[in-house]
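As structure tokens, the structure follows; a few thoughts come after it.
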Amino acid sequence: MDLILSAARIVIATAGDVLPIVLFIFGFYVLVIREPLPHLGRIATGLVFVVIGLGLFLVGLEQSLFPLGRLMAEQLTAPEFLGTNPVADAAAYSWQSFIWVYVFAVAIGFSTTIAEPALLAVAIKANEVSGGAISVWGLRVAVAIGAAFGVGLGCYRLVSGLPLHYFIMAGYVAVIIQTIWAPKLIIALAYDSGGVTTSTVTVPLITALGLGLAEALPGRNALLDGFGLVAFTCLFPIIAVLGYAQLSALRATLTRKRKSITDDPGKLRSLEEN
Amino acid sequence: MRSFLTDFWHHARGSIRDLAPIILVIGTFQFLVFGQPMSGAISLVVGGVIVVLGLTFFIYGLELALFPIGETIAHALARKGSAAMVLIFAFLLGFGTTMAEPSLTAIAREASAVAASAGAIVDTDESRSRYVLGLRLTVAFSVGFALVLGVLRIIFAWSLPVMIISGYILVILVTAVAPDDIVGIAYDSGGVTTSTVTVPLVTALGIGLASSLRDRNPMTDGFGLIAFASLTPMVFVMIYGGVIQWI
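Chain order of the listed sequences is A and B.
Residue numbering for the first sequence follows the numbering used here, beginning at 4 and increasing consecutively.
Residue numbering for the second sequence follows the numbering used here, beginning at 9 and increasing consecutively.
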């Protein structure tokens, strides 16, 4: 019964979040474009599905995965689990004390990104627009690998206490260098994939992880140092997607080269003699 | 009805596959690291089923409503041939969806606590809620601005890498002069602005626009709007933090 009540409450709250957007779009359509909106019935059904779907999605997460994920973030950073108490005894810990935190950060970064609906939406669109050249799963896995690395590195930064902007700047330099050599087709999509990673599923869990870590460390202010993980999770997918495209392009070039060598027996013989 | 059910089952199978990694990670940690069995297994299973249902409905609605709306509007606006109208729409869409974004409100509240403890603002409820509203307006304005910039880029075929890299340089320059307290919040606010409902709408808008203009490739020109929307809030929030502190 409680579940049904809370489900209804969250679905209504989601409707409240989506309603202004819907009103604005319909208002704009009626007042500015002044044309009847095609397939009105289908669109209305779809919007109801979006609201119910997003609402249920959040209810289910609150019911099952979020409490456990948050609890784990707390347990992993608790002194009893670490075996030392960093806050009381600053000399007794090093960055290796948090090895399980990094493993958890990487695993949770990867798995929450795969489940992110916004990323799925962009991947479906990219697959459609590229005529199937970009596979939905390929893009999602590349983004998830980037996000996993980002969350892991972000946790290491929290533990080491190094300034946030050093890492972000290094990431920017990597993006700039990759942009020069990356296939032109992928660049816009890669830049977009940073922003879509951090949404409904990822943000609550990694924020809990960041706050737990900042509380467990000496001399850190949970409010101040807990920030920054989202920024890491946004940046590294760009690098991962650009890298994935570069690797695919490289492999295609190598295959073509090898083929041209095997097609030409004289060239092959001269290679074998060397 | 039959085809609807097969279709639904097809989507639901995809949702189960999407959620399997999280369940695997949390389950493995629970067993191996903590050595505890999953507590409250029933509520976990119920929750999991609800999540799968929700994701399935959402993806369904995405293809029925969110994508078509974004593209229909882009095509209709391109047909009207008024660039000003497209820009106004883009700004209002960015501004409106960001103001309505719950995770931005959450992060703005935490930011006001940071600002109060750092002494940048007076620690009263009134000044804190003013700070929260100011921050939300700043981020909403910067997302609206970002979409205007992104649409202008699609219309005039400006180079995306040049614009984004200039944005990066701007972020670095502003970081150098911004107060330290605001940097983490500013960097994170770039990521939280683009929500699950906004992303499909904005993506469809960009692709619809690029495919209805001549000589534009939806793949290289249609994407990129989200990139602007996650970059500009960083700059604007740092400036906001600086202005608040210096006044």
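The beta-carbon is built from N, C-alpha and C at its ideal position, and this holds for glycine as well.
In this text the structure is predicted, and so the values were computed from the model without any measurement.
{"Query": "Nearest-angstrom Cα separation, counted from Phe149 (chain B) out to Leu95 (chain B)", "Result": "14 Å"}
{"Query": "Proximal chain B residues relative to Leu188 (chain A), where beta-carbon distance stays under 7 Å", "Result": "Met227, Thr228"}
{"Query": "Ser135 (chain B), DSSP secondary structure in three states", "Result": "helix"}
{"Query": "Close-in-space but distant-in-sequence residues of the same chain around Ile172 (chain B) (CB under 7 Å, 5 per side omitted)", "Result": "Ala235, Leu239"}
{"Query": "7 Å Cβ cut-off: residues of chain A touching Ala98 (chain B)", "Result": "Per Cβ cutoff of 7 Å: no residues; Ala98 (chain B) is ~11 Å from chain A at best."}
{"Query": "Beta carbon proximity, Tyr32 (chain A) to chain B, threshold 8 Å", "Result": "yes"}
{"Query": "C-beta contact flag for Val33 (chain B) and Ala110 (chain A) at 8 Å", "Result": "yes"}
{"Query": "Chain B contact for Asp20 (chain A) (CB, 8 Å cutoff)", "Result": "yes"}
{"Query": "Sub-8 Å separation of Phe235 (chain A) and Gly157 (chain A) beta-carbons", "Result": "yes"}
{"Query": "Simplified DSSP assignment, three categories, for Gly155 (chain A)", "Result": "helix"}
{"Query": "Alpha-carbon to alpha-carbon, Lys260 (chain A) and Asn277 (chain A)", "Result": "Reliability fails at Asn277 (chain A), whose pLDDT of 49 lies under 50, so the model's placement of it is uncertain and the value that follows must be treated cautiously. Roughly 18 Å between the two C-alpha positions."}
{"Query": "Minimum Cβ-Cβ distance from Asp26 (chain B) to chain A less than 8 Å", "Result": "yes"}
{"Query": "Host alpha helix (DSSP H) of Ala47 (chain A) (start-end)", "Result": "43 to 66"}
{"Query": "CB of Cys237 (chain A) within 8 Å of CB of Thr210 (chain A), strictly", "Result": "no"}
{"Query": "Closest residue to Gly153 (chain A) among A:Ala18, A:Phe113, A:Gly215 (Cα-Cα distance)", "Result": "A:Phe113"}
{"Query": "Between the CA atoms of Ser11 (chain B) and Val191 (chain B) - distance to the nearest angstrom", "Result": "52 Å"}
{"Query": "Chain B within 8 Å of Asn277 (chain A), Cβ atoms only", "Result": "Annotation note: pLDDT 49 at Asn277 (chain A) (below 50); position unreliable, coordinate value reported separately. It does not: the Cβ of Asn277 (chain A) has no partner Cβ on chain B nearer than 8 Å."}
{"Query": "Start and end residues, alpha helix (DSSP H) containing Ser111 (chain B)", "Result": "110 to 126"}
{"Query": "Amino acids of chain B, ordered along the chain, whose beta-carbon sits closer than 8 Å to that of Gly49 (chain A)", "Result": "Tyr68, Gly69, Leu70, Glu71, Leu72, Ala73, Leu74, Pro76"}
{"Query": "Candidates B:Thr206, B:Gly199, B:Val182, B:Ala126, of which the one nearest Arg100 (chain B) by Cα", "Result": "According to the sequence as given, residue 100 (chain B) is Leu; it is not Arg. The candidate whose alpha carbon is nearest that of Leu100 (chain B) is B:Thr206."}
{"Query": "Alpha-carbon to alpha-carbon, Leu6 (chain A) and Val54 (chain B)", "Result": "10 Å"}
{"Query": "Proximal residues to Tyr176 (chain B) (C-beta, below 8 Å), its chain only, five neighbours per side dropped", "Result": "Leu239"}
{"Query": "Helix, strand or coil at Ile234 (chain B) according to DSSP, with G and I counted as helix", "Result": "helix"}
{"Query": "Cβ-Cβ distance between Gly214 (chain B) and Gly232 (chain B) below 8 Å", "Result": "yes"}
{"Query": "Where Leu307 (chain B) sits in the DSSP three-state scheme", "Result": "What the structure shows of chain B is the stretch from 9 to 255, and residue 307 (chain B) is not part of that stretch, so it cannot be assessed."}
{"Query": "8 Å Cβ cutoff, Asp195 (chain A) in contact with chain B", "Result": "yes"}
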